[in-house]
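One structure is given here, and the rest of the page talks about it.
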Amino acid sequence: MIKHARNTLLVADHTKFAASAAISIGNARNVRAFFTDAPPPNSFCQLLSEENVELVVAEQEVS
């Protein structure tokens, strides 16, 4: 599905940055943008930058 998509968007909250999984859905070069709720670690940001993946960090609503 990712292979045939025009744009692949990845969404994950900050709790997933250090998590590992037994499956793989592809690699960063297949992703156009990554949406999250907090800035990821520098090493993750560097990987996104190297693969030209746009990083979008959601703004928190102040109540």
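Per our numbering, numbering of the sequence shown is gapless, rising by one per residue and ending at 1326. For glycine and all other residues, C-beta sits at the position ideal for the given N, C-alpha and C.
Residue i classed as buried or exposed, judged by whether at least 16 other C-beta atoms fall within 10 angstroms
i     : result
P1303 : buried
Rounded straight-line distance, which links the Cα of residue j to that of residue i
i     : j     : result
A1290 : E1317 : Checking the sequence, you will find Asn at residue 1290 rather than Ala. Cα-Cα distance, rounded: 14 Å.
C1308 : H1267 : 26 Å
F1280 : V1325 : 24 Å
Minimum C-alpha distance to residue i - residue among the options
i     : options             : result
H1277 : A1321, L1311, K1266 : A1321
T1299 : V1325, A1268, V1274 : V1274
F1297 : N1270, A1284, S1283 : N1270
Beta carbon of residue i nearer than 8 Å to that of residue j
i     : j     : result
I1265 : N1293 : yes
L1310 : R1295 : no
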